[in-house]
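Undergrad:
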Amino acid sequence: MINGYGGSILRVDLTTRSVKREPVTPELAHDWLGGRAWIAKYMYEELPAGVDPLSAANKVFVATGPLSGTLWPSSAKIVWGTKSPLTGGYIDSNMGGLIMAELKYAGLDMIILEGASAIPVYLCIEDDKVEVRDASGYWGEGSVDTEYALKRDLGEDFQIATIGPAGENLVKFACITHDVGRQAGRGGIGAVLGSKKLKAIAVRGTKPIPVADIEGLRKHTTSVIDFIKNTAFFPTFSKYGTTDVTDWCDSVGVIPVNNFQHAQYPKKDRINGKYMREQIYVRDKGCYACPLGCSTYTYSKKYDVHVEGPEYETIGLMGSNLGMDSIEEIAVLNADVDNLGMDSISSGSAVAFAMELYQRGILTKEDFGGLEMTWGNVHAARAFLRLIAARQGIGATFAEGALAAARIIGKGTEKYVVQVKGLDYSAYDTHAAPAMMLAYMTSDIGAQHTRAWAIVQDITMGRGSTEGKGQVVYDLQHLRPLMEVLGVCRFPWLEVKVPWEDYVTALNLVTGQHYTTEGLFAFSEKVWNLTRAFWTREVDGFGRAWDQPPAKMYEEMPDGPTKGARVTQEMVDQLLDGYYQAYRWDQNGLPTAQRLRDVGLGSVADDLVRRGRISD
Amino acid sequence: MKHIIVKPESCTGCRLCQLTCSAQNFRLNTHKSARVGIVPRFPEGYFEVHLCNQCGVCQSACLVEAILVDANGAYVIDDSKCIDCGACVDSCPQKAIFRSPASPHPYMCNLCGACVPNCAAQALSWEEER
Chain A
3 MINGYGGSIL RVDLTTRSVK REPVTPELAH DWLGGRAWIA KYMYEELPAG VDPLSAANKV
63 FVATGPLSGT LWPSSAKIVW GTKSPLTGGY IDSNMGGLIM AELKYAGLDM IILEGASAIP
123 VYLCIEDDKV EVRDASGYWG EGSVDTEYAL KRDLGEDFQI ATIGPAGENL VKFACITHDV
183 GRQAGRGGIG AVLGSKKLKA IAVRGTKPIP VADIEGLRKH TTSVIDFIKN TAFFPTFSKY
243 GTTDVTDWCD SVGVIPVNNF QHAQYPKKDR INGKYMREQI YVRDKGCYAC PLGCSTYTYS
303 KKYDVHVEGP EYETIGLMGS NLGMDSIEEI AVLNADVDNL GMDSISSGSA VAFAMELYQR
363 GILTKEDFGG LEMTWGNVHA ARAFLRLIAA RQGIGATFAE GALAAARIIG KGTEKYVVQV
423 KGLDYSAYDT HAAPAMMLAY MTSDIGAQHT RAWAIVQDIT MGRGSTEGKG QVVYDLQHLR
483 PLMEVLGVCR FPWLEVKVPW EDYVTALNLV TGQHYTTEGL FAFSEKVWNL TRAFWTREVD
543 GFGRAWDQPP AKMYEEMPDG PTKGARVTQE MVDQLLDGYY QAYRWDQNGL PTAQRLRDVG
603 LGSVADDLVR RGRISD
Chain B
386 MKHIIVKPES CTGCRLCQLT CSAQNFRLNT HKSARVGIVP RFPEGYFEVH LCNQCGVCQS
446 ACLVEAILVD ANGAYVIDDS KCIDCGACVD SCPQKAIFRS PASPHPYMCN LCGACVPNCA
506 AQALSWEEER
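Those sequence lines, one after another, are chains A and B.
Taken in order, the first sequence gives residues 3 to 618; the numbers are from our numbering.
Taken in order, the second sequence gives residues 386 to 515; the numbers are from our numbering.
1. For the beta strand (DSSP E) containing residue 164(A), list its first residue and its last residue.
2. Cα separation between residue 45(A) and residue 568(A)?
3. Going along chain B in order, which residues have a C-beta closer than 9 Å to the C-beta of residue 546(A)?
4. In chain B, which residues lie with their C-beta within 8 Å of the C-beta of residue 73(A)?
5. Does residue 398(B) have its Cβ less than 7 Å from a Cβ in chain A?
6. Evaluate residue 138(A) with the Cβ neighbour count: other Cβ atoms within 10 Å of its Cβ, from every protein chain shown; 16 or more gives buried, anything less gives exposed.
7. Among the candidates 89(A), 71(A) and 134(A), whose CA atom is the shortest distance from the CA of residue 210(A)?
8. Going along the chain, which residues of its own chain have a beta-carbon closer than 7 Å to the beta-carbon of residue 330(A), five neighbours each way excluded?
9. Going by DSSP in three states, residue 559(A) sits in which element: helix, strand or coil?
10. For chain A, find out if any of its Cβ atoms is closer than 7 Å to the Cβ of residue 506(B); answer yes or no.
11. Determine the extent of the alpha helix (DSSP H) in which residue 83(A) is found, giving its start and end residues.
12. Does the region 385-400 of chain A come close enough to the region 354-374 of chain A that 3 or more CB-CB pairs lie under 8 Å?
13. For residue 292(A), decide whether its Cβ has a neighbour in chain B, counting only Cβ atoms nearer than 7 Å.
14. Measure from the alpha carbon of residue 463(A) to the alpha carbon of each residue in 481(A), 434(A), 451(A) and 449(A), then state which is nearest.
15. Output, in chain order, the set of chain A residues within a Cβ distance shorter than 7 Å of residue 431(B).
16. Quick one: does residue 633(A) have its CB under 7 Å from some CB of chain B?
17. Please return the same chain residues whose Cβ sits closer than 6 Å to the Cβ of residue 545(A), not counting the five positions on each side in sequence.
18. Using only the alpha-carbon positions, how far apart do residue 510(A) and residue 517(A) sit?
19. What is the DSSP secondary structure of residue 168(A), reduced to helix, strand or coil?
20. Would residue 42(A) and residue 533(A) qualify as a contact pair, given that the criterion is a beta-carbon distance under 7 Å?
21. Residue 164(A) to residue 77(A), Cα distance in whole Å?
22. Where do the N-terminal and C-terminal ends of the alpha helix (DSSP H) with residue 649(A) fall, by residue?
23. Where do the N-terminal and C-terminal ends of the alpha helix (DSSP H) with residue 282(A) fall, by residue?
24. With H, G and I counted as helix, E and B as strand and the rest as coil, what does DSSP make of residue 497(A)?
25. Mind checking which residues open and close the beta strand (DSSP E) that includes residue 140(A)?
26. With residue 511(B) as the anchor, note down where its beta strand (DSSP E) starts and where it stops.
27. Quick one: grab the DSSP three-state call for residue 448(A).
28. Drop a sphere of 10 angstroms on the beta-carbon of residue 388(B), count the other beta-carbons inside from all chains shown, and report buried for 16 or more, exposed for fewer.
29. Measure from the C-beta of residue 503(B) to each C-beta in chain A and report whether the shortest distance is under 7 Å.
30. Just tell me which of 127(A), 99(A), 136(A) and 522(A) has its CA closest to the CA of residue 13(A).
31. In the DSSP assignment, find the unbroken alpha helix (DSSP H) run with residue 386(A) in it and report its ends.
32. Could you confirm whether any beta carbon from chain B is found closer than 7 Å to the beta carbon of residue 337(A)?
33. By Cβ distance below 6 Å, which residues in the same chain neighbour residue 402(A) in space, the five residues on each side in sequence not counted?
34. Using a Cβ-Cβ cutoff of 9 Å, what residues of the region 221-234 of chain A are near chain B? List them in chain order.
35. Just tell me which of 188(A), 61(A), 224(A) and 195(A) has its CA closest to the CA of residue 504(A).
36. By the three-class DSSP mapping on this structure, what secondary structure does residue 515(B) have?
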């Protein structure tokens with residue numbers, strides 16, 4: 003027994019339908035903790051170099067962390083990782099809900115999914131009993147519908163993760179859904195499950211998670227919840243959640259409008275958290291062990307549809323970025339992509355890109371099979387999303403992701419796609435936000451905000467300035483990804499300022515070890531170098547050229563609070579120089595062999611040297 | 386006499402009450418040994434909260450007189466008398482008497498109150514008089 007851990011890793015070969023349990027060793031627990039660190043380690047070690055993401059040789063890693071499922075506030079994270087079919091590089095994406103606890107109750111800390119089944123299957127785990135079962139009866143069903151169906155068939159107390167039709171049809175931004183509306187959204191992990199014909203994972207366990215000092219953990223938790231309840235921002239954040247940021251993003255000119263052509267939205271008051279609360283609110287909903295309860299479960303009467311959310315990213319990408327009229331339209335689009343099983347960020351990006359091509363006359367009504375892809379046309383957007391999920395007509399092109407679609411369409415359309423490394427921007431424009439832009443440029447999965455959300459630092463340190471921004475992003479990239487190593491949510495730290503040291507205390511109470519902030523940050527440096535090394539190994543010519551911002555950022559913002567703002571190549575170079583310097587990488591942004599050895603990745607250094615990816 | 390009152394419309398389904406309860410009463414990290422029950426109802430979108438309200442129906446239903454009221458006003462099952470027949474579990478109008486591997490006998494809320502401060506959504510609170 004290792005405190006903080008279920009104790010085993012489950013390895014599932016979907017080709018042969020065989021399963022085996024491997025013990026979590028004290029070394030693996032102590033040296034690599036869990037979550038995304040385990041994923042990065044196993045991915046580098048076990049995936050054959052250059053593997054096709056949608057081939058049977060790719061694997062999906064599903065990992066909890068030592069705090070996942072514990073009493074510690076917001077310990078609700080489970081991380082999914084694989085080689086991304088959307089970007090061709092490292093991807094991990096995490097979800098909340100309850101499944102991480104259930105997995106540990108079944109004695110499991112990680113699942114490794116290998117091979118590919120010939121027929122649709124799902125994985126059913128009940129404590130020590132594990133079966134790969136026929137899923138033909140669920141194939142073709144929506145993500146959320148499948149969750150309800152499996153709960154009906156297996157028992158309400160099973161926790162279930164599913165893919166939808168988009169995952170089955172290998173849409174490259176297909177996601178994984180759990181607990182009605184929680185997604186591991188980014189990078190197309192759902193498509194990799196689809197390629198393996200794995201429709202769902204259902205799990206139920208009965209074993210408590212071993213904790214070194216449960217009474218100490220209970221007292222620590224109670225004192226931290228008391229702290230949280232007394233913070234000034236708690237009532238607001240627990241009520242509005244991420245939607246609270248909508249007005250602020252509009253006021254500072256970072257909300258995406260019409261595919262990032264503008265950054266302020268005239269209909270802001272019809273899509274913000276306040277309006278959402280008035281129009282479609284049903285209930286606040288919390289993840290496991292979370293005192294914040296930031297999620298909102300809603301019902302749109304206009305469209306007769308329930309959905310969990312919309313969250314701010316969906317409000318941005320599928321609302322203002324598509325010119326939608328109100329929160330009701332966003333709710334129905336959100337419900338659609340949830341059940342089709344597609345990332346709402348990349349779905350929003352794909353539709354926005356299509357609408358801009360329509361606006362510019364590059365693609366026409368005929369190209370879209372009769373759909374008028376005008377801004378705000380919710381019916382056209384809904385139909386188009388269905389074409390994508392089914393890979394029907396022009397939907398097949400956009401199912402490859404917006405960047406790949408642009409390369410197929412040609413005509414210089416790549417410049418209208420707002421992405422880095424093939425992963426679409428989340429909902430923060432960066433015409434006048436250099437630190438946030440650098441965060442997107444250097445995130446180890448592509449343009450995602452959660453690795454480093456640096457908009458606030460752009461506002462406080464100067465929006466035109468690149469000075470010190472490399473260091474800002476470096477520092478954030480050390481702390482934030484640790485949350486996905488430990489298996490906890492970042493919001494108690496980010497939104498109500500629970501001190502980071504309290505997390506370290508919780509980790510030590512759970513594990514009985516003596517981790518320190520300094521040691522954990524050094525560990526973070528190792529993991530960040532490892533994911534960078536994975537990109538270096540997998541992508542020919544990887545380096546500085548892959549860390550560039552979208553072409554749109556070089557164009558002047560025509561109006562709004564950031565009117566006239568644009569990015570220059572000089573700024574980009576300054577940002578990357580400062581950033582690479584902070585990591586002690588070379589001028590091309592590659593980790594040096596020496597640096598890799600210094601952070602404890604000697605075998606990775608040797609491997610990259612042997613492959614000729616870096617010099618010794 | 387103090388009671389814990391439930392406002393189910395405020396429950397977010399986070400299970401902190403159950404986790405705290407299991408930690409306090411059984412020294413276990415799980416929500417499955419708790420003396421309080423949470424049942425999600427979706428797609429409708431609400432949570433049922435099952436918690437003893439000291440109505441006393443179980444005491445009348447008990448066939449071996451194993452259910453007593455302690456000094457705090459909590460109903461408790463005397464382990465030395467309980468034969469684990471389940472009559473109390475079936476009788477409870479609140480569905481708030483539980484069984485789990487943590488205990489050889491059924492159990493209900495003992496009014497320890499550890500859950501109340503940890504329910505940030507304020508679905509649980511103290512009430513002085515019924």
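Glycine included, each C-beta is placed from N, C-alpha and C at the ideal position.
TA: Let me spell this out:
1. 161-164
2. 38 Å
3. Result: empty, since nearest Cβ-Cβ is about 44 Å, beyond 9 Å.
4. 401, 404, 405, 408 and 414
5. yes
6. exposed
7. 71(A)
8. 281, 282, 302, 304 and 305
9. coil
10. yes
11. Where residue 83(A) is concerned, there is no enclosing alpha helix (DSSP H), although the beta strand (DSSP E) it sits in stretches over 80-85.
12. yes
13. yes
14. 434(A)
15. 285
16. Residue 633(A) is absent from the structure shown; chain A starts at 3 and stops at 618.
17. 590, 591 and 592
18. 6 Å
19. helix
20. yes
21. 21 Å
22. Outside the modelled stretch of chain A, which goes from 3 to 618, sits residue 649(A), for which no answer is possible.
23. 275-282
24. helix
25. Element bounds for residue 140(A): n/a, residue is neither H nor E.
26. 509-512
27. strand
28. buried
29. yes
30. 127(A)
31. 380-392
32. no
33. 174
34. 223, 224, 227, 228, 230 and 231
35. 224(A)
36. At residue 515(B), the pLDDT of 48 sits below 50, so the modelled position is not reliable and the matter cannot be decided from this model.
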